[in-house]
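Enquirer: Top line first, the protein sequences correspond to chains A and B. The opening residue of the first sequence carries number 1 in UniProt numbering; numbering runs sequentially from there. The opening residue of the second sequence carries number 1 in UniProt numbering; numbering runs sequentially from there. No residue lacks a Cβ here, since even glycine has one placed at the ideal position from N, Cα and C. Sharing a structure below in structure tokens format, with a few things to ask.
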Amino acid sequence: MTFLRLQVVGVLRRCCGRPSSSAALKCHYSGLPTSSFISTPSSALTSSRALSTTWILRKDVPQPKDEEARPKLDLDVWKSMMRTVALQEDRVKTKDKVEGKLSPLEATRMLVDAWRLAGRLVPDSLTDEQMEALSKLTTKSSKRKFLKHLSIKEGYKKAKMEKKEKKMAERMERADREGFDVDSKADVKLKNTFLMKFWSRSLDTLLFWRSAQAMQYGQPLVFDMSYEQHMSSHDAKNTVSQLLQCEGWNRRSVDPFHLHFCNLQPNSVYHQELLKRYGQETWERLFITTTSQRHVDIFPRENLVYLTADSPNVLRTFDHNKVYIIGAFVDRSAQSGVSLANAKRLKLATARLPLNEHLQWDCGAKNLTLDQMIQILITIKETGSWEKALEFVPIRKHGGFYEQKTENSVFIRFHQWYE
Amino acid sequence: IDIFLFCNTVLKFRSKPTEFRSKPTEFRSKPTEFRSKPTEFRSEEHRPFRSVFAAGTARRTAEMLKKREGRAEEKEEEEEMDRCSVRYKASSQQEIPDRPLSPEEWRKLRDDSSRPDRFPGRMLNLMLAAGTDVDVAKSLLAFIALDSGTVPYVLLLKYLSLCVSGGHHSEVLDTYDLMKSCFKTLDIGAYSLLLKGISRTERWREMLPMLEEIKKIVTPTRRNYGDAISGAFLNGDSETGWTLYNEMMELGLEPNQEVWQCMFNSATSLQKDKEKLLDILIYMRENQVYPQEMLVKSIKTWFQSLPGEGWTGRFSSVDSRDRCGSCQAEMESIELTEEEYSQLKQRVMANVIEGRDVFFKTTPQELQSFKNFVKKSPAFDVIVDGLNVANISVHGPKSQNLLAVVSELCDQGLTILVLGRKHMMQHSKMWNRYDILKIKQIAHCFFTDNISKDDPFLLYAALHSGNNCKFVSRDLMRDHKACLPDSATRRLFFKWQRGHQLVVPWYVPGKKVRFQRELRYDTVVQSTPTSWHLPYDEDGEDRSSYEIPQKWLCLTKQH
């Protein structure tokens with residue numbers, strides 16, 4: 001019926017022109033100066049042309065603009081729909097207004113809910129700890145960044161969960177199709193071979209024996225854990241991740257160092273984070289010496305060398321009798337020279353790696369991460385070759401090794417490190 | 001005006017610019033005013049005043065250096081970047097319809113797009129960026145409402161920002177009513193937008209409860225307050241405006257310049273209004289805020305409109321005799337008072353030199369030995385930053401440049417202290433032992449460790465040698481200024497620096513050493529009973545935060 005009506009309308013319009021057809025159909029208020037029609041989802045767009053009564057070529061007649069010709073759209077229908085929805089909801093529930101001053105935690109909760117509604121990157125759920133940390137942040141931008149970080153982390157977890165469920169669903173489906181039991185390991189085929197399986201357990205035992213030997217006879221390497229005040233909590237967590245990696249690389253090397261964690265106060269951020277990452281049992285079984293004493297008190301001062309990128313002295317050969325100290329520090333702060341300041345205070349010898357001497361430096365900080373440092377030290381200890389050791393410096397930071405050492409290398413040494 | 005002129009041959013690895021001065025003759029004048037001060041610096045009066053701290057110097061220097069490094073390479077890079085951005089735009093840009101579409105057309109567009117569920121949000125973002133017609137957005141919202149029954153909060157918010165930026169007041173009000181009725185509480189972003197939008201309409205009084213809502217969660221921003229205050233003033237209610245302004249000042253937020261402009265434009269000639277507006281000028285003085293050209297024009301019109309007082313305003317600049325160009329009044333001196341000086345001394349010692357840890361910049365032993373050295377020595381007239389001065393020219397050994405500058409200062413009969421590092425004493429190609437010996441004969445010297453920073457020692461010596469001790473360095477000392485704890489001390493440091501730092505802008509070995517004169521007057525809003533002088537930023541002038549404006553508004557009262 002509607003379709004017929006529109007056809008009739010189209011014919012009428014073509015015969016009579018616009019003004020009469022507009023009178024024939026309903027008008028609806030839309031705030032526009034010209035009249036408009038209600039558009040239903042099934043309305044077809046009809047076009048019309050102006051009738052010309054003179055003998056002018058059709059293409060010379062000015063065609064009306066498409067906007068005027070097409071039926072007008074109701075642009076405010078959404079407003080009326082929303083109002084009706086609001087009225088209905090009003091009858092159902094009473095609005096509860098929040099009066100007076102809110103506590104910081106409640107204010108933060110309201111902020112999070114409002115931002116979630118407004119479409120900002122906000123996680124779906126926050127733990128109490130996270131809510132506490134959020135309310136301690138003072139500025140709006142720091143809150144926004146923290147929430148964005150949490151929402152991204154949550155996004156990863158959700159994606160992982162979805163993948164896992166999808167895999168499980170596929171497995172169930174396959175099980176139904178092929179008619180075998182999901183839980184049994186019957187699909188693992190036994191291999192017929194004379195080679196015995198090398199269990200990872202055996203490798204672990206071997207490495208632990210080696211670490212134990214290193215603790216008795218090996219060269220000590222100290223990680224100085226006194227930089228809590230200079231790092232944010234995020235950086236402290238990154239430091240502990242790097243320390244875990246260091247321990248792993250050291251254990252797997254041919255001749256491990258005897259690792260010491262010095263200045264590790266019992267309830268410091270480092271200690272808590274290490275316990276969280278390792279777990280209490282593993283932490284106690286680790287082949288690392290951890291102490292809250294200073295490295296100056298444990299080792300004789302002549303043997304200590306503090307490795308820091310700000311030192312003026314260059315380490316040319318690896319000395320197997322010295323005890324090298326590395327600051328357990330992710331150096332993202334604006335203040336540079338923190339580790340050098342520590343070494344100066346204790347009047348220790350300092351050294352830096354010969355990065356300028358062997359690499360064409362491109363761009364990037366000369367502060368290397370802890371795992372890169374330990375790999376360099378392990379390699380230089382085993383091989384004595386800086387070319388092999390400095391391969392662990394990230395490639396993006398340098399443009400390659402200097403090919404051969406010519407006389408110019410003497411002047412490279414004089415490269416004004418001083419201003 | 002370019003200081004440098006370059007010759008045509010430029011080698012690839014080392015550019016050898018030959019530098020010509022703009023005036024061929026050298027002129028030394030000894031004006032009578034200088035004789036009264038204890039330290040004299042012979043400098044040229046008739047030259048146009050150039051200073052490292054003048055507005056626009058940093059931008060000009062950057063452009064000159066860019067020219068030096070080769071324009072051709074940069075042009076290529078820019079073209080490539082343009083090409084890349086054009087390619088990116090063409091591939092990712094979804095076209096915004098130029099007229100309101102019907103729901104079917106929108107549905108077709110949505111189904112054709114790459115992410116149908118994100119389509120409305122992205123389309124609205126594009127519309128906001130391009131500033132399209134409101135009707136197009138309304139047709140999109142109509143489609144969404146018909147499709148899903150309701151319009152989500154996110155899209156309403158984006159639509160609201162489109163209306164506010166386009167200035168469609170009726171739409172803003174409609175959307176506000178809708179949002180209020182459909183949603184319990186709005187988020188802070190919505191309130192900020194509404195403040196901006198509603199303050200220009202007739203329902204502006206509803207801004208005030210909104211401001212209260214924002215206050216429950218966070219402190220309202222400068223922009224929030226600014227919109228509210230300008231709305232109150234534009235709609236004629238100056239009482240509310242002033243209350244909000246006082247609230248804002250109590251919170252320590254500095255108002256935008258548009259707010260001040262609004263206040264000056266809508267001020268009446270009542271006495272209390274006049275006092276409040278003069279308070280604004282006093283605030284600008286105390287916080288070293290420089291008005292922009294628009295604001296300064298409003299201030300001028302307001303002053304000139306005050307009945308019976310006969311103010312006249314003229315734009316001018318300060319001439320080389322430190323007098324206003326139009327009324328010949330002397331500008332305020334840049335000298336610090338006694339308490340300001342001692343406060344600065346103490347703060348620099350505590351924060352710049354010692355800081356959180358003395359070992360970052362030096363060691364306690366070195367600091368103590370330097371303090372003893374300064375106590376033993378006579379009061380210095382000028383302190384030279386050895387390393388900085390040695391690098392003023394790329395030609396020749398550095399020690400010779402240093403020697404030239406020190407000899408020039410010695411010829412003027414001054415007690416000099418040269419600060420350097422211990423490696424300067426070792427004979428090398430750049431540091432000639434004989435030059436250093438000659439320097440030691442004509443000046444006091446102190447050499448710090450190679451790993452210590454020498455600038456804090458310079459500041460310590462300059463501050464402890466008294467108010468008339470100057471220092472020579474091209475370093476702008478911004479990193480040391482940043483170590484100071486609060487902005488008042490930083491302003492004090494900057495004031496002291498402008499009045500005491502001598503800069504050697506360039507030097508050609510063999511020629512005479514010339515110093516850029518230090519400033520003698522303070523560039524800040526200043527007043528006398530019959531005049532007001534306001535320094536202001538011109539439109540289009542790119543002034544860095546460590547520079548000061550050169551243009552002034554001079555307001556004088558005729559009896």
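Taking the alpha carbon of D124 of chain A as the reference point, which residue from A:G155, A:K145 and A:K143 has its own alpha carbon closest?
Expert: Taking only the C-alpha atoms, the option nearest D124 of chain A is A:G155.
Enquirer: Output the boundary residues of the alpha helix (DSSP H) element that contains F261 of chain A.
Expert: F261 of chain A -> not in any alpha helix (DSSP H); beta strand (DSSP E) instead, spanning H258 to C262.
Enquirer: State whether the segment 189-206 of chain A contacts the segment 286-294 of chain A, with contact taken as three or more CB pairs (one from each stretch) at a distance under 8 Å.
Expert: Three or more beta-carbon pairs separated by less than 8 Å are not found between the segment 189-206 of chain A and the segment 286-294 of chain A, which leaves the two stretches without contact.
Enquirer: Pick from A:S211, A:T205, A:Y227 and A:K164: whose alpha carbon is nearest that of P220 of chain A?
Expert: A:S211
Enquirer: Are the segment 384-392 of chain B and the segment 341-358 of chain B in contact at 8 Å, needing three or more beta carbon pairs?
Expert: Cβ pair count under 8 Å is below three, so no.
Enquirer: In the DSSP assignment, find the unbroken alpha helix (DSSP H) run with G189 of chain B in it and report its ends.
Expert: I188 to I198
Enquirer: Pick out whichever of A:G248, A:Q265, A:P266 and A:N267 has its Cα sitting closest to the Cα of H258 of chain A.
Expert: A:G248
Enquirer: Using DSSP with H/G/I as helix, E/B as strand and the rest coil, what is T301 of chain B?
Expert: helix
Enquirer: Determine the burial state of K37 of chain B: buried for a count of at least 16 other Cβ atoms within 10 Å of its Cβ, exposed for fewer.
Expert: With a pLDDT of only 39 at K37 of chain B, under 50, the local geometry of the prediction cannot be trusted, and the value read off the model is given with reservation. K37 of chain B should be labelled exposed.
Enquirer: Run the CB neighbour count on R177 of chain A, radius 10 Å, all protein chains shown included, and call it buried at 16 or more, exposed below.
Expert: exposed
Enquirer: So, is the C-beta of W552 of chain B closer than 7 Å to a C-beta in chain A?
Expert: no
Enquirer: Straight-line CA distance for R70 of chain A to D90 of chain A?
Expert: No answer about R70 of chain A holds up, because its pLDDT of 47 lies below 50 and its placement is not dependable.
Enquirer: Could you name the residues of the same chain whose beta carbon sits closer than 6 Å to that of S139 of chain B, not counting the 5 residues immediately before and after it, in chain order?
Expert: Correct list, in chain order: P100 and L101.
Enquirer: Report yes if the CB atom of G313 of chain B is closer than 7 Å to the CB atom of K300 of chain B, and no otherwise.
Expert: Cβ distance < 7 Å, so G313 of chain B and K300 of chain B count as in contact.
Enquirer: Give the secondary structure of H230 of chain A by DSSP, where H, G and I count as helix, E and B as strand, and everything else as coil.
Expert: Helix, per DSSP.
Enquirer: What residues of chain B sit near Q88 of chain A, judged by a beta carbon separation below 8 Å?
Expert: Going along chain B, no residue has its Cβ under 8 Å from Q88 of chain A, so there is no contact; the nearest lies around 11 Å.
Enquirer: Might you give, ordered along the chain, the residues of its own chain that have their beta carbon closer than 6 Å to the beta carbon of P103 of chain B, omitting 5 neighbours on each side?
Expert: F143 and L146
Enquirer: Name, please, each residue of chain B whose Cβ falls closer than 8 Å to the Cβ of V77 of chain A.
Expert: A142, A145 and L146
Enquirer: Whose C-beta lies closer than 7 Å to the C-beta of S161 of chain B among residues of the same chain, with five residues either side of it excluded?
Expert: L128 and L193
Enquirer: List in chain order: all unbroken alpha helix (DSSP H) runs of 4+ residues lying wholly within the segment 194-230 of chain A.
Expert: 200-217
Enquirer: May I ask you to report which of helix, strand or coil DSSP gives W552 of chain B?
Expert: strand
Enquirer: To the nearest angstrom, how far is it from the Cα of S393 of chain B to the Cα of L402 of chain B?
Expert: 10 Å
Enquirer: Where does the unbroken beta strand (DSSP E) through A54 of chain B begin, and where does it stop?
Expert: First-last for A54 of chain B: undefined, no H or E at that position.
Enquirer: If Q550 of chain B sits next to A55 of chain B, beta carbons under 8 Å apart, how far is it from one beta carbon to the other, in whole angstroms?
Expert: So it is a contact: roughly 6 Å between Cβ atoms.
Enquirer: Which residue's Cα is closest to the Cα of residue 457 of chain A: A:L275, A:E302, A:N367 and A:Q372?
Expert: Because chain A here runs from 1 to 419, residue 457 of chain A falls outside it and cannot be looked at.
Enquirer: Which residues, taken in chain order from the segment 273-286 of chain B, show a beta carbon closer than 9 Å to some beta carbon of chain A?
Expert: none
Enquirer: According to DSSP, V318 of chain B sits in a beta bridge with which residue or residues?
Expert: B:C324
Enquirer: Cβ closer than 7 Å: which chain B residues qualify as neighbours of G155 of chain A?
Expert: Those do not exist, as G155 of chain A stays about 15 Å from chain B at its closest Cβ, beyond 7 Å.
Enquirer: For residue 479 of chain A and E273 of chain A, what's the separation of their Cα atoms in angstroms?
Expert: Since the first residue of chain A shown is 1 and the last is 419, residue 479 of chain A is not available in this structure.
Enquirer: Is the beta carbon of V85 of chain A less than 7 Å from the beta carbon of T175 of chain B?
Expert: Not in contact: V85 of chain A and T175 of chain B (Cβ atoms no closer than 7 Å).
Enquirer: Assuming E172 of chain B is part of the beta strand (DSSP E), what are its boundary residues?
Expert: According to the sequence shown, residue 172 of chain B is Val rather than Glu. Not the beta strand (DSSP E): V172 of chain B falls in the alpha helix (DSSP H), residues H169 to C182.
Enquirer: Which partner residues does Q516 of chain B have in the DSSP bridge list?
Expert: B:V503
Enquirer: Within 7 Å of any Cβ in chain B, is that where the Cβ of L117 of chain A sits?
Expert: yes
Enquirer: Of the residues that make up the segment 340-368 of chain A, which ones have a beta carbon closer than 8 Å to any beta carbon in chain B?
Expert: L340, A341, N342, K344 and R345
Enquirer: Please go through the same chain and pick out, in chain order, the residues whose beta-carbon is closer than 8 Å to the beta-carbon of I96 of chain B, but skip the five residues on each side of it.
Expert: The answer, listed in chain order, is M123, L126, M127, A130, T132 and V136.
Enquirer: Out of curiosity, what's the CA-to-CA distance linking S200 of chain A and L206 of chain A?
Expert: 10 Å
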